Amino acid sequence: MEDPARVIDPSTDPSLGATSPSGGVAVASDTFLLGDFIELGIAEQGSLGSQGISQGGASTPNAISVIFDTVGFAANTPAARSGDFFNPGSPVEGYVIGLKIAGGAQNFVQDRGSSSNQINAATVETSTGSTLSAETTATFSASSSSAVTFKQVISFDQDDSFFKTTVTIQNSGSVLLEDVRYMRTMDPDQDQETFGTFATQNDVLSQPSGNNVTAIAHAKGPTSQNSVNLISTDGSARASNFGFSNTDAFAASAFNTPVDRGGTQVDEAITLTLDFGDIAAGASVTKTFFTSFQNGTSSNSAANDMIVGTDNADSISTGDGNDTIFDLGGNDTVSAGDGNDTIIAGVGNDTYNGENGNDTLDYRNSNAITADFGSGNVTISGSAETDSFSNIEGITGSSSADSITGGSNAETLTGSGGADTLRGNGGADTFAYVLTSDGDVRTSNGTVGSNSGDTVADFVSGTDKISLSKAGFDFTTVSNGVNFEVINAGFDGTNSTLGEFSSSNPVLIYSKSDEALIYDDNGSSAGYTILLNHGNASASNDIVATDIVLV
């Protein structure tokens, strides 16, 4: 493997700007992030497509937007390398921030091709360690004494073949920001450099509906078959195929009635619009989406890949790396190879093999499931679908009431939303909670009563673990007597003795009377969340602080 992050070193070229210790470089107004499998050139306003040429260390001496190499740039295999995705011709790639004040819509356009920078955004390189990143920030005003603070972070690990975009919008003014939206809009041209065509085969591969929370806008090069996918797993996002230089986040084709070209070959944009809702004065909202470059049936690279399947009967096989696979329609066979992989289950009677590593089967887009590690089967409520699985170490349920039963090994059971029934069934198991909404959220104080959250039938204190995400629960540590306590009485939203509780900080409470683990994010406000109940537990299996792990 070549030097981590394939850093451009200014010491060998005095015309370059200063490089951070971890890699990446700012050259004039551009930021270049050079990984082992993807290279990005980010313009000053945060759109993809450098305004100047790359220098020293990149795979090309030309300007860069995105270049992808399936086997890694170090192998120097031209056939494995894509053309530049957005720079050919008249580049169209950027984003639009839309908002309303007192019902009046306003849009702010940031676009590489037109050099639009309507919020005066600036981008700096912020890489640390093996994570390459660039941060775009701006504070701007709309009408009626409003003020908006915007931050966008594009990041990926040096071994990733995809990147993440994290967007934070803060209301730094005094008036309500209504119906705030962020639309990413791009016209891909990945086949122009090599095959002379600007057209791509555009499609909406997934759209949130019912229990499906995934939006995927897709464009494939008709000859190269190289793809770009805009992916959100936020159920309020919308994918679309329309327009060219899109400037209106409130356009009907962007959100209310999105367009699906169904694979038609066109020279036009694909979009992904994130809905931030209303943002009160002083509040902020953060959302994340992904951009990947693989659509099809296999990837044998060592990269950490994000692969999107099709609606056909696919046979998907991945290689090394920690891969994420979006399995869509059809009766598919998925083999995840080495690494710690996540398979997001699709529609159909599918067969999943995690192979080596610590692998997770995720049913976030499904109806309620019944999963059994013993039989290796998952049935989906309301359908005739049955999936089979092997070499899977964790299952994540749907937003409905799931039933997940472990086997004799150490498994991770994540119920997600809904009143789930989880049984470890032997082994040192982990019962995982990512968001507070994974439990039973109560908006007022009062006794637990018939509310129970998930039912964990066989938790064994000292052997099994309760896993909480640090981000979702706002914890950095869990310590008995500080932010965790066991009480004998039933909990009513007010009767914690913890100092952190009275200081309005988040706490965990295990009530012996309720046999329930409870999360309260603020002792001075009404409401709390019941994470789980394990009724009829012996005193030796009461949950204690050391049973909690943070991830």
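Quick note, in our numbering, the sequence shown goes up one by one and the last residue is 613. Beta carbons are placed, not taken as given, at the ideal position from N, Cα and C, and that holds for glycine. None of the values given here were measured: they were computed from a predicted structure.
Terminal residues of the continuous beta strand (DSSP E) containing N218?
Sequence index remark: in the sequence shown, residue 218 carries index 156 (1-based). With the sequence shown as reference, residue 218 is identified as Phe, and Asn is not the correct amino acid for it. Residues V210 to D219.
DSSP three-state label for F312, please.
Along the sequence shown, read from residue 1 onward, the residue named residue 312 stands at position 250. Coil.
Does the beta-carbon of A578 have 16 or more other beta-carbons within 10 angstroms, so that it is buried, or is it exposed?
The residue given as residue 578 occupies position 516 in the sequence shown. Buried: at least 16 other Cβ atoms inside 10 Å.
DSSP state of S207, grouped into three classes?
Taking the sequence shown and counting its residues from 1, the one referred to as residue 207 is at position 145. Correct three-state label for S207: coil.
How would you write the range of the alpha helix (DSSP H) that S564 sits in, first residue to last?
For this step, residue 564 is matched to residue 502 along the sequence shown. Segment G561 to S564, the alpha helix (DSSP H) holding S564.
Run the CB neighbour count on L612, radius 10 Å, all protein chains shown included, and call it buried at 16 or more, exposed below.
Here residue 612 refers to the residue found at position 550 when the sequence shown is read from its first residue. With fewer than 16 other Cβ atoms within 10 Å, it is exposed.
By the DSSP assignment, the beta strand (DSSP E) with Q232 in it spans what residues?
The residue you call residue 232 lines up with position 170 of the sequence shown. From DSSP, the beta strand (DSSP E) with Q232 extends over F225 to N233.
L497 beta carbon less than 8 Å from that of G534:
Looking up residue 534 in the sequence shown gives position 472. Looking up residue 497 in the sequence shown gives position 435. Yes.
Reference G399; option with closest CA among A261, V409 and T386
In the sequence shown, counting from the first residue as 1, residue 399 sits at position 337. Of the listed residues, the one whose Cα sits closest to G399 is T386.
Terminal residues of the alpha helix (DSSP H) in which T256 lies:
Residue 256 sits at position 194 when you count from the first residue of the sequence shown. That run of the alpha helix (DSSP H) goes Q254 to F257.
How would you write the range of the beta strand (DSSP E) that K282 sits in, first residue to last?
Here residue 282 refers to the residue found at position 220 of the sequence shown. Per DSSP, K282 belongs to the beta strand (DSSP E) from A277 to K282.
As assigned by DSSP and simplified to three states, the class of S499:
Position 437 of the sequence shown, counted from the first residue, corresponds to residue 499. It is helical.
Here's the rule I'm using: 16 or more other beta-carbon atoms within 10 Å means buried, otherwise exposed. How should D173 be labelled?
The sequence position of residue 173 within the sequence shown is 111, counting from 1. Buried.
Cα-Cα, which of N603, D131 and N374 is closest to N366?
By one-based count along the sequence shown, residue 366 stands at place 304. Ranked by Cα distance from N366, the options N603, D131 and N374 are led by D131.
Name the residue from V328, D241 and V215 whose alpha carbon lies nearest to the alpha carbon of D265.
Taking the sequence shown and counting its residues from 1, one reaches residue 265 at position 203. Closest option to D265, Cα to Cα, is V328.
Identify whether A601 lies in helix, strand or coil by the three-state DSSP scheme.
Locating residue 601 in the sequence shown gives position 539, counting from the first residue. Three-state DSSP puts A601 in a helix.
What residue range does the alpha helix (DSSP H) around K614 cover?
Only positions 63 to 613 of the chain appear in the structure, and residue 614 is not among them; the question remains open.
With a CB to CB cut of under 6 Å and the five nearest residues on each side skipped, what residues in its chain are close to I406?
Numbered from 1 along the sequence shown, position 344 holds the residue referred to as residue 406. In the same chain as I406, and ignoring 5 residues on each side of it, the C-beta atoms closer than 6 Å to its own belong to F388 and D424, in chain order.
Quick one: give me the first and last residue of the beta strand (DSSP E) that L161 is part of.
Here residue 161 refers to the residue found at position 99 when the sequence shown is read from its first residue. Where L161 is concerned, the enclosing beta strand (DSSP E) stretches over E155 to I163.
Along the chain, where does the beta strand (DSSP E) that runs through E197 open and close?
Position 135 of the sequence shown, counted from the first residue, corresponds to residue 197. Per DSSP, E197 belongs to the beta strand (DSSP E) from T193 to F202.
If you drop the 5 nearest sequence neighbours on each side, which residues of the same chain put their C-beta closer than 7 Å to that of S566?
Residue numbering aside, residue 566 sits at position 504 when the sequence shown is read from its first letter. Closer than 7 Å at the Cβ level, and outside the excluded window around S566, lie N584, G585 and S586.
Within the continuous beta strand (DSSP E) that includes K349, where are the two ends?
In the sequence shown, residue 349 corresponds to position 287, counting from 1. That run of the beta strand (DSSP E) goes S346 to S354.
Can you find the residues in the same chain that come closer than 6 Å, C-beta to C-beta, to F312, ignoring five residues on each side of it along the sequence?
As a working note, residue 312 is residue 250 in the sequence shown. Cβ neighbours of F312 beyond the five flanking positions: G160 and A167.
Could you tell me how far apart the beta carbons of D449 and N507 are, in whole angstroms, since I believe they sit closer than 8 Å?
In the sequence shown, the residue the question calls residue 449 occupies position 387. In the sequence shown, the residue the question calls residue 507 occupies position 445. Their Cβ separation, rounded to whole angstroms, is 42 Å, which puts D449 and N507 out of contact at 8 Å.
Tell me which residues share the same chain as L560 and place their Cβ nearer than 6 Å to its Cβ, disregarding the 5 neighbours each side in the sequence.
Locating residue 560 in the sequence shown gives position 498, where the first residue counts as 1. For L560, where only same-chain residues beyond five positions count, the Cβ hits under 6 Å are E547 and V569.
Curious, which full-length beta strand (DSSP E) runs of at least 3 residues does the stretch 94-178 contain?
100-104, 128-130, 155-163 and 166-173
Quick check: D394 and I369, are their CB atoms within less than 8 Å of each other?
In the sequence shown, residue 394 corresponds to position 332, counting from 1. In the sequence shown, residue 369 corresponds to position 307, counting from 1. No, the Cβ-Cβ distance between D394 and I369 is not below 8 Å.
Locate the beta strand (DSSP E) running through I341, then write down its first and last residues.
Stepping through the sequence shown from its first residue, residue 341 is reached at position 279. I332 to I341 is the span of the beta strand (DSSP E), which, as asked, contains I341.
Residues near P83 in its chain [Cβ-Cβ closer than 6 Å; skip 5 each side]:
In the sequence shown, the residue the question calls residue 83 occupies position 21. Caution applies to P83, whose pLDDT of 33 falls short of 50 and renders its modelled position unreliable; the model cannot decide the point.
So for T509, helix, strand or coil by DSSP?
By 1-based counting over the sequence shown, the position of residue 509 is 447. Residue state, collapsed to three classes: coil.
Could you check whether N291 and N357 sit closer than 8 Å to each other, using their CB atoms as the reference points?
Within the sequence shown, numbered from 1, the residue matching residue 357 stands at position 295. Within the sequence shown, numbered from 1, the residue matching residue 291 stands at position 229. It is a contact, given that the beta carbons lie within the stated cut-off.
So, is P250 buried or exposed, given that buried needs 16 or more other C-beta atoms within 10 angstroms?
Along the sequence shown, one-based indexing puts residue 250 at 188. With 16 or more neighbouring CB atoms inside 10 Å of its own CB, P250 falls in the buried class.
To which residues does DSSP link Y572 through a beta bridge?
In the sequence shown, residue 572 corresponds to position 510, counting from 1. Partner(s): V548 and L579.
Compare the C-alpha of A343 against each of L238, A430, F304 and S152 and name the closest.
Numbered from its first residue, the sequence shown carries residue 343 at position 281. Nearest C-alpha to A343: L238.
Rounding to the nearest angstrom, what Cα-Cα distance links F338 and A601 in this structure?
Counting from 1 along the sequence shown, the entry for residue 338 is found at position 276. Counting from 1 along the sequence shown, the entry for residue 601 is found at position 539. F338 and A601: Cα-Cα distance of roughly 45 Å.
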